[in-house]
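See structure below.
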Amino acid sequence: MPLNGFTGPQLPRDVRERAASIQLAVFDVDGVLTDGRILLGDDGYEYKAFHTRDGHGLRLLAEAGIERAIITGRTSVLVARRMEELGIRHVVQGRRDKGAALDELIARLGHSAAATAYVGDDDVDVPALTRAGLAVAVADASPWTRAHADWITQAGGGAGAAREVAEGLLTAQGQLERLRPRE
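Take this note's numbering: the final residue in the sequence shown is number 299, and no numbers are missing along the way.
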């Protein structure tokens, strides 16, 4: 029985059907796993804030056997470190052409575009969104990005959107309840 009636995000039937076949979930970083702000300290270092609940959602995907990857236009030691903490092995940094980067990643990992979800927030993500079998935009994505999405999350970037995507995929695949801790 669902915990307190929660069964995961309620997705339209066509999105739920696509989500049921996802084997690879690819996320942008700035604006998706973070709120998009880049903090520069007096010490010359760059800082970003990642939400722990998003991290847990990414771990749940791994437990369910869904491969995870990152494609980001920027290059950051911080991102590499956080992805290592989360066990995400496929980290593509410094790629402005995210559509080509997604094509290369899908080919290298042996997945199909139809079995791939891409989560983005800005115009630079649109080429990847249009190639993925399931295109997801976070709630605070740019209007043009949202126009290219099959699913727009309720949560914004860095504020639970990745967790929402994870729970949506797991719900569609009938795995969310199995992965929940028991009381």
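Don't be surprised by glycine CBs; every beta carbon is placed ideally from N, CA and C. None of the values given here were measured: they were computed from a predicted structure.
Original post:
Expressed to the nearest angstrom, what Euclidean distance is found between the alpha-carbon atoms of Asn120 and Leu127?
Top reply: Low local confidence applies: a pLDDT of 46 at Asn120 is under 50, so the model's placement there is unreliable, with the coordinate-based value given in what follows. Cα to Cα, Asn120 sits roughly 19 Å from Leu127.
**OP:** Kindly indicate the opening and closing residues of the beta strand (DSSP E) around Gly236.
**Re:** Thr232 to Gly236
Original post:
Would DSSP call Arg212 helix, strand or coil?
Top reply: coil
Subject >> Terminal residues of the alpha helix (DSSP H) in which Leu242 lies >> reply: Note on identity: in this sequence residue 242 is Val, with Leu being the wrong assignment. Val242 -> alpha helix (DSSP H) spans Val242 to Arg247.
Original post:
Terminal residues of the continuous beta strand (DSSP E) containing Arg184?
Top reply: Glu183 to Ile187
**OP:** May I ask you to verify whether the stretch 269-280 touches the stretch 142-157, counting CB pairs closer than 8 Å and requiring at least 3?
**Re:** yes
Subject >> Which listed residue (Arg247, Ala185, Arg190 and Lys214) has its alpha carbon closest to that of Ser228 >> reply: Arg247
**OP:** Below 7 Å CB to CB, which residues in the same chain sit around Arg134 once its five sequence neighbours on both sides are set aside?
**Re:** Gly249, Leu250 and Asp266
Original post:
How would you call Gly210, buried or exposed, if buried means at least 16 neighbouring beta carbons within 10 angstroms?
Top reply: exposed
**OP:** Identify every residue that forms a DSSP beta bridge with Glu200.
**Re:** Beta-bridge pairing links Glu200 to no other residue.
Subject >> Leu286 vs Ala180 beta-carbon contact at 7 Å >> reply: yes
Original post:
With burial defined as no fewer than 16 other Cβ atoms inside 10 Å of the residue's Cβ, what is the status of Gly236: buried or exposed?
Top reply: buried
Subject >> Sheet register partners of Phe143 (DSSP bridge) >> reply: Ile186 and Val235
Original post:
Cα separation between Gly226 and Glu162?
Top reply: 34 Å
Subject >> Val145 versus Val195 - alpha carbon distance >> reply: 8 Å
Original post:
How would you write the range of the beta strand (DSSP E) that Ala253 sits in, first residue to last?
Top reply: Leu250 to Ala253
**OP:** Give me whichever residues DSSP pairs with Trp267 in a beta bridge.
**Re:** Val252
Original post:
For the putative contact between Glu183 and Leu140, defined by C-beta atoms under 8 Å, what is the C-beta separation to the nearest angstrom?
Top reply: 5 Å
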